[in-house]
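Asker:
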Amino acid sequence: MRDGVLIGELSALVERLSRPGGRVRQLLYYRFFHTSSEPTRRVKSIEDALLAIDDLVMHERSGGTDIEGAILDAFKSIERARGDDIELSSAQIVLVSDGEAVFDTEAILDVRGQLGIPTRLSILALGNEGTGLRELAVAQENKGARVFYHHVSDDELAVWEHGKSALGPAFEPTSAPLDWAALDSLAETATPLDD
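Here the sequence shown stands for residues 279 to 473, where the numbers follow this note's numbering.
(1) Along the beta strand (DSSP E) that carries I364, what are the first and last residues, could you check?
(2) Which of helix, strand or coil does DSSP assign to R320?
(3) Say whether the stretch 352-365 touches the stretch 321-328, bearing in mind that this needs 3 or more beta-carbon pairs closer than 8 angstroms, one atom from each stretch.
(4) So who's on the other strand from S400, going by DSSP bridges?
(5) If you draw a straight line from the alpha carbon of A423 to that of F381, how long is it in whole angstroms?
(6) Taking only the alpha-carbon atoms, compute the straight-line gap between E346 and E293 and give it to the nearest angstrom.
(7) For V389, which residues from the same chain have a beta carbon less than 7 angstroms from its beta carbon, with the 5 sequence-adjacent residues on both sides left out?
(8) Does the CB of N406 have a neighbour CB from chain B at under 8 angstroms?
(9) Within 10 angstroms of its Cβ, does F426 collect 16 or more other Cβ (buried), or is it exposed?
(10) At 4 residues or longer, and completely inside the stretch 378-428: list those alpha helix (DSSP H) runs for me, N to C.
(11) Give the DSSP-derived three-state secondary structure of L291 in the structure shown.
(12) In whole angstroms, what is the alpha-carbon distance linking D333 and L306?
(13) Starting from L306 and walking both ways along the beta strand (DSSP E), at which residues does that stretch end?
(14) Could you tell me which residues DSSP pairs with V430 in its beta bridges?
(15) With a cut-off of 8 angstroms on the beta carbons, I'd call L393 and E357 a contact; round off their distance for me.
(16) Which residue from T409, K421, S431 and L435 puts its Cα closest to that of R398?
(17) Would a C-beta distance cut-off of 8 angstroms place I395 and S368 closer than the cut-off?
(18) On a Cα-Cα basis, can you pick out the residue from S315, G405 and S375 that is closest to V437?
(19) For Q418, count the other beta carbons within 10 Å of its own beta carbon; 16 or more makes it buried, fewer makes it exposed. Which is it?
(20) Tell me whether G231 is buried or exposed, calling it buried when 16 or more other Cβ atoms sit within 10 Å of its Cβ.
(21) Report the three-state DSSP secondary structure of A448 (helix, strand or coil).
Next comes the structure, spelled out in structure tokens:
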């Protein structure tokens, strides 16, 4: 599910980058966290997005997430990005996790409050809902922040997996391979963006 969310966002980025004459620079950063974090990947072009999708499809990643460390690392990345780009006016972090970890909500909110730009922390909780993620969402809301929080239970995930959901058919990677030629063709026709 986590990979599906990221592939959906990468696909949307490909579509936005394909539009001629866009005035807003489209960027996406993502990182996987386990007991330690992988390097941050920056996606700024159609080619980057297609390589990222390929990486997601070809490599399996699994648990042990240090949620507090992941969020604090993301805040540090935003601070560095703000130093490199004075026009950066807002940021959003989307945390996708099963939430089964202990973390210090106040420490997270304190660091977020010290950032030089508004930063929204959205949460998609999957599986057995850990209380910490819901508490983090409520604490943000209590401080006046706009909050997106959504929990998808194991039962809901199973219904979707078996194609019995109003969300549409289940994702079955063996039923229809990706049309890489069409994606490559799209990348070749795109107008490059300046850095």
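Idealized CB from N, CA, C, for every residue including glycine.
Answerer: Well, looking at it:
(1) No beta strand (DSSP E) contains I364, which DSSP labels as neither H nor E.
(2) strand
(3) no
(4) V372
(5) 19 angstroms
(6) 32 angstroms
(7) L350 and F353
(8) Protein chain content of the structure displayed is limited to a single chain, and chain B is not contained in it.
(9) exposed
(10) 383-392 and 409-420
(11) helix
(12) 15 angstroms
(13) L306 to Y308
(14) L404
(15) 6 angstroms
(16) K421
(17) yes
(18) G405
(19) buried
(20) Any question about residue 231 goes unanswered here, given that the chain covers just 279 to 473.
(21) Legend: pLDDT at A448 = 46, less than 50; position of this residue unreliable, value from coordinates given subsequently. Coil.
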